[in-house]
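Written out below as structure tokens is the structure these notes cover.
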Amino acid sequence: MLTIKNHVKTHEFIMIEWNDSLLIGHDVIDSQHKELVGLLNGLEASTGRGLMTKETRKALEFMSAYAEKHFKTEELLMHDCGYPYRAIHAVDHITFVARQMAFASAVNNHDKDTANDIIAFLESWIKHHISVEDMEFGRWLKAHPPC
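Dropping the structure here:
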């Protein structure tokens with residue numbers, strides 16, 4: 001089960017505590033997921049320090065690199081292992097990239113709510129995509145060795 005705890009009482013955001021419940025059982029993918037959780041927690045922590053523009057831009061750069069690296073890794077593994085739901089899963093990845101691009105546009109237009117929007121999106125992504133969709137893929141991998 002995903003462990004969360006309240007982080008900043010002035011915001012409705014949560015800090016996600018990395019633990020074994022987030023492991024899908026593939027070392028590379030798990031490591032990449034842990035990086036994303038770290039980004040989210042760092043961005044949340046920066047909300048109280050007045051570093052939002054700088055941290056938001058860093059978060060967007062990370063999200064772009066993450067999407068390219070992580071989604072390629074995951075989709076290649078799904079393809080190579082014959083995962084039957086890879087096309088549906090890839091649609092989620094396309095949505096992530098589209099949202100990242102929209103956030104980048106908002107930052108360039110000096111939208112001050114962008115950091116909060118990114119935090120909310122990443123929380124939702126971790127709680128729903130990683131904790132549900134990627135977990136399902138992890139269970140499938142375990143049931144279909146040697147993948």
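Numbering follows the UniProt record's numbering, with no gaps: position 33 of the sequence shown is 33.
Every residue, glycine too, gets a C-beta built ideally from N, C-alpha and C.
For this session: Counting only the same chain and skipping the five closest in sequence on each side, list residues whose C-beta sits under 6 Å from that of residue 93.
Result: 71
Exercise. Among 89, 77, 83, 101, which one has its Cα closest to the Cα of residue 130?
Worked result: Measuring C-alpha to C-alpha distances from residue 130 to each of 89, 77, 83, 101 identifies 89 as the nearest.
For this session: Give a single yes or no on whether residue 95 has its beta carbon closer than 8 Å to a heavy atom of the ligand ATP.
Result: Looking for the ligand ATP in the displayed structure turns up nothing, as the structure carries no ligands at all.
Problem set entry | Residue from 103, 31, 142, 111 whose Cα sits closest to the Cα of residue 63 | 103
For this session: Could you have a look at residue 16 and say whether DSSP puts it in helix, strand or coil?
Result: strand
Problem set entry | Expected contact under 8 Å - CB spacing of residue 118 and residue 36 to nearest Å | So it is not a contact: roughly 12 Å between Cβ atoms.
Problem set entry | Beta-carbon spacing of residue 46, residue 115 below 9 Å | yes
For this session: Would you mind stating whether residue 136 and residue 85 have Cβ atoms separated by less than 9 Å?
Result: One thing to note: residue 136 has its Cβ within 9 Å of the Cβ of residue 85.
Exercise. Looking only at its own chain, which residues have a Cβ that is under 7 Å from the Cβ of residue 60, when we skip the five neighbours before and after it?
Worked result: 100, 103, 104, 107
Exercise. With burial defined as no fewer than 16 other Cβ atoms inside 10 Å of the residue's Cβ, what is the status of residue 74: buried or exposed?
Worked result: buried
Exercise. Should residue 26 go down as buried or exposed, given a rule of 16 or more other Cβ atoms within 10 Å for buried?
Worked result: Per the 10 Å Cβ criterion, buried.
Exercise. If you run the structure through DSSP and keep just helix, strand and coil, what is residue 93?
Worked result: helix
Exercise. So what does DSSP say about residue 24, is it helix, strand or coil?
Worked result: coil
For this session: Go through its chain and collect everything with a Cβ distance to residue 34's Cβ below 6 Å, but skip five positions before and after it.
Result: 18
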